[in-house]
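Using my numbering, read the sequence shown as starting at 16 and increasing by one per residue.
The block underneath contains the structure these notes are about, expressed in structure tokens.
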Amino acid sequence: MDGNTCRVCDAETPVFHYGIDACRACAVFYRRTRARKTPFVCKNKQRCAVEGNLLCKKCRFDKIERLFGQKKTKRGEKKVSLTFCEIL
């Protein structure tokens, strides 16, 4: 496969989802987890392997959240909105 690597699970992926380097499986996992009413709990006391796919569900979700935070920091949250009068 001529693709890139998911920053969450290190799987190869031809496209990215949600604006970060995430594969489809991690994107679907993130969407479903956000819709959950009860949060996951880490069984390893937050000591899961950070690299690769050895993360529990809680640590996997937290890693995706951190990646979103990095995206917001890098690209910035502020959006410039110019009105017609400001352009003139």
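Glycine included, each C-beta is placed from N, C-alpha and C at the ideal position.
Residues near residue i by beta carbon distance below 7 Å, same chain, minus five either side
i	result
Arg75	Val23 and Phe44
Cys21	Thr28, Asp36, Ala37, Cys38 and Cys41
Cys57	Cys63, Cys71, Lys73 and Cys74
Val30	none
Close beta carbons around residue i, own chain, < 8 Å, minus the five adjacent residues each side
i	result
His32	Cys38, Arg39, Cys41 and Ala42
Phe55	Thr48, Cys71, Lys72, Lys73 and Phe76
Own chain, CB closer than 6 Å to residue i, minus 5 neighbours either side, in chain order
i	result
Cys63	Leu70, Cys71 and Cys74
Ala26	Cys38
Ile79	Val23 and Tyr45
Thr48	Phe76
Item to complete: For the region 20–60, list the beta strand (DSSP E) runs that are entirely contained and at least 3 residues long, ordered along the chain.
Response: Entirely contained in the region 20–60, not one beta strand (DSSP E) run reaches 3 residues.
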